[in-house]
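Chemist: First the structure, which I've put down as structure tokens, then a few questions once you've had a look.
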Amino acid sequence: MTTNPSAPRGAALVTGAGGALGRAIALRLGADGFAIGVLGRESDFLRETASLLQAQSIPHRVLPVDLRDGTSIDSALTEVESELAPLAAVVNNAAIYPATPFLDITQDEYEDVVRVNQTAYFLTAQGAARRMVDRGAGAIVNIGSITFHGGWANLASYVSTKGASVGLTRALARELGPSGIRVNGVSPGAFPTKAEEIHENPAEYNRFVIDRQSIKRRGTDAELAAVVSFLVGPDSAFLTGQTINVDGGWIME
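Quick note on numbering: the sequence shown equals residues 4 to 256 in our numbering.
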């Protein structure tokens with residue numbers, strides 16, 4: 004296994020790192036001292052994330068992976084450890100979100116969402132934990148969504164998988180805590196990302212969001228990444244099994 008002296012905190016793997024939130028998380032954790040494995044579908048967006056990491060001299064590897072393929076996920080974890088550093092943190096962030104009325108969702112569409120948003124989270128966390136347990140340390144963060152807490156029309160597949168991420172977070176925190184592995188979640192609110200393309204009227208949706216938030220502005224990618232940074236860092240050493248809503252005060256529970 005290669006130990007990279009320029010990554011004093013070990014390696015962090017971020018799935019879905021080609022998207023806005025995943026990119027912000029990767030850049031923040033890189034700035035925090037982690038070497039970064041950026042994992043996701045092969046795309047210009049993933050390559051852009053890698054370019055930004057390179058520009059900041061952050062050790063990284065680009066890992067184009069189909070998250071529907073469990074073998075590919077495990078191979079990516081192995082590559083991170085062999086090419087970068089021992090795996091210290093994993094952020095399960097990748098997700099797909101087809102907007103389809105519940106009565107029109109096909110079994111194939113539902114199962115596709117489950118494979119990416121739920122099964123891949125399970126397999127990535129499992130593969131990471133198997134590597135972390137012998138070291139007695141590690142942090143896993145599962146990115147959920149406030150849609151689970153409030154429900155959302157036309158997104159039944161997505162919302163149900165995001166609820167599963169909360170359940171997985173709690174179960175793994177209970178089971179892995181004795182091995183020194185902490186597992187927490189983050190439920191983002193309505194951050195202005197590419198996902199908003201599912202809404203027909205962006206201006207109307209923006210007003211909808213602001214009306215429901217206590218903080219009357221949209222959140223930034225960097226603000227979400229800061230919470231993930233906290234959850235994988237030493238200041239949250241006594242925190243596990245929690246899912247934090249980062250939503251400007253939309254959902255309070």
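Using N, Cα and C, we set each Cβ at its ideal position, and we do this for glycine too.
Can you look up N209 in the DSSP assignment and give me helix, strand or coil?
Modeler: Residue state, collapsed to three classes: helix.
Chemist: Select from D238, G244, R221, S232 the residue whose C-alpha is nearest the C-alpha of W253.
Modeler: Closest option to W253, Cα to Cα, is R221.
Chemist: Kindly list the residues whose CB is nearer than 6 angstroms to the CB of L234, restricted to its own chain and excluding five residues on each side of it in sequence; keep chain order.
Modeler: Closer than 6 angstroms at Cβ, skipping near neighbours: V144, N187.
Chemist: DSSP on V231, reduced to helix/strand/coil?
Modeler: Three-state DSSP puts V231 in a helix.
Chemist: Do you know offhand how far A38's Cα is from R12's?
Modeler: Using only the alpha carbons, I get a separation of about 8 angstroms.
Chemist: Please give the ranges of any beta strand (DSSP E) in the stretch 15-93, keeping only runs that are unbroken, at least 3 residues long and fully inside the region.
Modeler: The stretch 15-93 contains these whole beta strand (DSSP E) runs: 38-43, 63-67.
Chemist: Buried or exposed for M255, please, with buried defined as at least 16 other CB atoms from any protein chain shown within 10 angstroms of its CB.
Modeler: So M255 counts as exposed.
Chemist: Using CA coordinates, which residue listed in G141, S54, L158 is at the minimum distance from S148?
Modeler: The candidate whose alpha carbon is nearest that of S148 is L158.
Chemist: Which term fits L175, buried or exposed, when burial requires 16 or more other beta carbons within 10 angstroms of its beta carbon?
Modeler: With 16 or more other Cβ atoms within 10 Å, it is buried.
Chemist: With the cut-off set at 8 angstroms, would you say A167 and Q121 are in Cβ contact?
Modeler: For A167 and Q121, yes; Cβs fall inside 8 angstroms.
Chemist: Out of E114, T127, A102, P237, which has the shortest C-alpha to C-alpha gap to T74?
Modeler: Of the listed residues, the one whose Cα sits closest to T74 is T127.
Chemist: Any idea which residues DSSP pairs A142 with across the strands?
Modeler: A142 is bridged to A92, R185.
Chemist: Just the C-alpha distance for S110 and W155, rounded to the nearest angstrom, thanks.
Modeler: According to the sequence shown, residue 110 is Gln rather than Ser. Between Q110 and W155, the C-alpha separation is close to 19 angstroms.
Chemist: Just verifying my parser: in three-state terms, what is the DSSP assignment at S190?
Modeler: Strand.
Chemist: Name the DSSP bridge partner or partners of I247?
Modeler: Paired residues: V189.
Chemist: Look at the alpha carbon of L70 and the alpha carbon of D115, and state the distance between them as a whole number of angstroms.
Modeler: One C-alpha to the other measures close to 10 angstroms.
Chemist: To the nearest angstrom, how far is the alpha carbon of D35 from that of S232?
Modeler: Going from the Cα of D35 to the Cα of S232 covers about 8 angstroms.
Chemist: Would you report the Cα separation of E178 and Y161, rounded to the nearest angstrom?
Modeler: Each residue's Cα considered, the two are about 26 angstroms apart.
Chemist: Quick check: what's the CA-CA separation for V65 versus V94?
Modeler: Approximately 15 angstroms, taken between the alpha carbons.
Chemist: Classify Y113 as helix, strand or coil using the three-state DSSP reduction.
Modeler: Helix, per DSSP.
Chemist: Starting from the Cα of T223, find the closest Cα among E203, D77, P191 and give me that residue.
Modeler: Checked all of E203, D77, P191; the closest Cα to T223 is P191.
Chemist: Which residue wins for smallest C-alpha separation from T172, given the options N96, T246, R31?
Modeler: Out of N96, T246, R31, T246 has the C-alpha closest to the C-alpha of T172.
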